[in-house]
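Note that the sequence shown covers residues 8 to 281 in the numbering used here.
Heads up, the beta-carbon is just placed ideally off N, CA and C, and yes, glycines get one too.
Only a predicted model underlies this, so the values are computations on that prediction, with no experimental measurement involved.
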Amino acid sequence: MKKAKPDHWSSFLASATPQTVWPAKIFAVGRPPPRFPELPGTSTPPELNKALLDHFFPAERARFIDTVLLPFKDCLPLAADEIGRALACSSPSSAPGPDMTPNSVWKRVHLVAPHLIHGLLTPLVTYRSHPLTLKRADGIVLDKPGKTSSDSASSFRVIVLLPTFSKILERIMNSRLSCVARVTGLINPHQCGWLAALSATDTTISLTHEIKTLQMAGRKVSTLFLDMKGGFDNINPATLCGMLKAKRVNPYLVSWTKSFLSGTTYWLLYQGSP
Numbered sequence: 008m009k010k011a012k013p014d015h016w017s018s019f020l021a022s023a024t025p026q027t028v029w030p031a032k033i034f035a036v037g038r039p040p041p042r043f044p045e046l047p048g049t050s051t052p053p054e055l056n057k058a059l060l061d062h063f064f065p066a067e068r069a070r071f072i073d074t075v076l077l078p079f080k081d082c083l084p085l086a087a088d089e090i091g092r093a094l095a096c097s098s099p100s101s102a103p104g105p106d107m108t109p110n111s112v113w114k115r116v117h118l119v120a121p122h123l124i125h126g127l128l129t130p131l132v133t134y135r136s137h138p139l140t141l142k143r144a145d146g147i148v149l150d151k152p153g154k155t156s157s158d159s160a161s162s163f164r165v166i167v168l169l170p171t172f173s174k175i176l177e178r179i180m181n182s183r184l185s186c187v188a189r190v191t192g193l194i195n196p197h198q199c200g201w202l203a204a205l206s207a208t209d210t211t212i213s214l215t216h217e218i219k220t221l222q223m224a225g226r227k228v229s230t231l232f233l234d235m236k237g238g239f240d241n242i243n244p245a246t247l248c249g250m251l252k253a254k255r256v257n258p259y260l261v262s263w264t265k266s267f268l269s270g271t272t273y274w275l276l277y278q279g280s281p
């Protein structure tokens, strides 16, 4: 065993790929133990929970919860291949949310009984509603790399895990909204990173091309990077839906977006909780 371990490690490093370099670093350095948040003025778990919520989610969004739902006549029907494409983009190893159901289960369900997921999602699209049961999320509080202090909420970050079934519909509606955004000019033509066939790699190649082109012409080049802190967390649903309406986006897409952005509840999970 003593001989096999270093031999296996040497073989693993020799065949390392861009996908396995990060796991190799974790194996070599090891993961630091998770820290318990120790925020000033919080002596009880409810006080700590409230302090974390106030930091990460400072303002409660306006809720748009309709009591009576009516079907939309101009709603684009949900196609079976849309569900298949959404599931194909779902990683089977992604952490599930409160439902504790991995994506691999839904992939198997769709393979065995494709009508089941289609029958469950169709009313949500037709009635342009994202139900509250799919908006109950786990907020996992993680340490920020390089932060040694535990007495500040800024030393931590939150990743939100929604039910995996919700992610299926999210991907479908995101695909539809992306197509509309391109046609109506809602996004910049140079936008990359979340659009189909336009990844962060395309951004890097485009930037490199611009730099090299200008340098070959003998010009000086500088680049400005901006980090929009908490941009997505502070989107105003009413403002966003107003922009969609102004661009004449189909009303069912606007209504679903408004429903999706309203009424989400978070259950924070961190070292020592719940």
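Rounded separation between residue 21 and residue 11 - CA only
Here residue 21 refers to the residue found at position 14 of the sequence shown. Here residue 11 refers to the residue found at position 4 of the sequence shown. Approximately 15 Å, taken between the alpha carbons.
How would you write the range of the alpha helix (DSSP H) that residue 212 sits in, first residue to last?
In the sequence shown, the residue the question calls residue 212 occupies position 205. 207-223 is the extent of the alpha helix (DSSP H) around residue 212.
For residue 179, which option in 80, 278, 87 and 52 has the closest C-alpha, if you only look at C-alpha atoms?
Start at 1 with the first residue of the sequence shown, and residue 179 comes out as number 172. Of the listed residues, the one whose Cα sits closest to residue 179 is 87.
Decide yes or no for the touch test of the segment 195-211 against the segment 120-133: beta carbon pairs closer than 8 Å, at least 3 of them.
no
In whole angstroms, give me the CA-to-CA distance for residue 114 and residue 56.
As a working mapping, residue 114 is identified with position 107 in the sequence shown. As a working mapping, residue 56 is identified with position 49 in the sequence shown. One C-alpha to the other measures close to 35 Å.
In the structure shown, what three-state DSSP assignment does residue 189 receive?
For this step, residue 189 is matched to residue 182 along the sequence shown. Of the three classes helix, strand and coil, the one that applies to residue 189 here is helix, per DSSP.
Please tell me whether residue 64 and residue 278 are closer than 8 Å, where the distance is taken between their beta carbons.
Numbered from 1 along the sequence shown, position 57 holds the residue referred to as residue 64. Numbered from 1 along the sequence shown, position 271 holds the residue referred to as residue 278. No, these two residues do not count as a Cβ contact at 8 Å.
Range of the contiguous beta strand (DSSP E) that encloses residue 166
As a working mapping, residue 166 is identified with position 159 in the sequence shown. Segment 163-168, the beta strand (DSSP E) holding residue 166.
State the Cα-Cα distance for the pair residue 153 and residue 160, rounded to the nearest angstrom.
The count along the sequence shown starts at 1 and reaches residue 153 at position 146. The count along the sequence shown starts at 1 and reaches residue 160 at position 153. Rounded to whole angstroms, residue 153 to residue 160 spans 14 Å at the Cα level.
For the beta strand (DSSP E) containing residue 259, name the first residue and the last one.
What you label residue 259 is simply residue 252 of the sequence shown in a count that begins at 1. It is not in any beta strand (DSSP E) - residue 259 instead sits in the alpha helix (DSSP H) that spans 258-267.
Below 7 Å CB to CB, which residues in the same chain sit around residue 233 once its five sequence neighbours on both sides are set aside?
On the sequence shown, residue 233 is found 226 positions in, with the first residue counted as 1. Taken in chain order, the list of residues that qualify is empty.
Per DSSP, what are the beta-bridge partners of residue 143 in this structure?
Taking the sequence shown and counting its residues from 1, one reaches residue 143 at position 136. For residue 143, which the question treats as bridged, DSSP gives the partners 272.
If you run the structure through DSSP and keep just helix, strand and coil, what is residue 88?
By 1-based counting over the sequence shown, the position of residue 88 is 81. Helix.
Quick check on residue 123: does DSSP put it in helix, strand or coil?
The sequence position of residue 123 within the sequence shown is 116, counting from 1. Three-state result, residue 123: helix.
Could you tell me the alpha carbon to alpha carbon distance between residue 195 and residue 222, rounded to whole angstroms?
For this step, residue 195 is matched to residue 188 along the sequence shown. For this step, residue 222 is matched to residue 215 along the sequence shown. The alpha-carbon atoms of residue 195 and residue 222 are separated by roughly 25 Å.
Residue 15 lies in the alpha helix (DSSP H); which residues open and close that run?
Here residue 15 refers to the residue found at position 8 of the sequence shown. Here the alpha helix (DSSP H) through residue 15 covers 11-21.
For residue 46 versus residue 158, is the C-beta distance shorter than 8 Å?
Within the sequence shown, residue 46 is the residue found at index 39, counting from 1. Within the sequence shown, residue 158 is the residue found at index 151, counting from 1. For residue 46 and residue 158, yes; Cβs fall inside 8 Å.
Residue 247 in three-state terms, based on DSSP:
Numbered from its first residue, the sequence shown carries residue 247 at position 240. Helix, per DSSP.
Could you please give the first and the last residue of the uninterrupted alpha helix (DSSP H) stretch that includes residue 60?
Counted from its first residue, the sequence shown places residue 60 at position 53. Where residue 60 is concerned, the enclosing alpha helix (DSSP H) stretches over 52-63.
Using only the alpha-carbon positions, how far apart do residue 28 and residue 37 sit?
Taking the first residue of the sequence shown as position 1, residue 28 is located at position 21. Taking the first residue of the sequence shown as position 1, residue 37 is located at position 30. Between residue 28 and residue 37, the C-alpha separation is close to 14 Å.
Quickly, what does DSSP pair residue 28 with across the bridge? List them, please.
Within the sequence shown, numbered from 1, the residue matching residue 28 stands at position 21. Note: residue 28 sits in no beta bridge, so no partner.
What's the gap between the Cα of residue 110 and the Cα of residue 220?
Stepping through the sequence shown from its first residue, residue 110 is reached at position 103. Stepping through the sequence shown from its first residue, residue 220 is reached at position 213. Near 44 Å, if we compare the C-alpha coordinates of residue 220 and residue 110.
Specify whether the segment 84-103 and the segment 164-178 touch according to this definition: at least 3 beta carbon pairs, one from each stretch, less than 8 Å apart.
yes
Tell whether a beta-carbon distance below 8 Å holds between residue 168 and residue 245.
Reading the sequence shown from its first residue, position 161 is the one you call residue 168. Reading the sequence shown from its first residue, position 238 is the one you call residue 245. Not in contact: residue 168 and residue 245 (Cβ atoms no closer than 8 Å).
Let me know the secondary structure DSSP gives residue 202 once reduced to three states.
For this step, residue 202 is matched to residue 195 along the sequence shown. Looking at residue 202 - three-state DSSP - the assignment turns out to be strand.
Quick one: what does DSSP say residue 94 is sitting in, helix, strand or coil?
On the sequence shown, residue 94 is found 87 positions in, with the first residue counted as 1. Looking at residue 94 - three-state DSSP - the assignment turns out to be helix.
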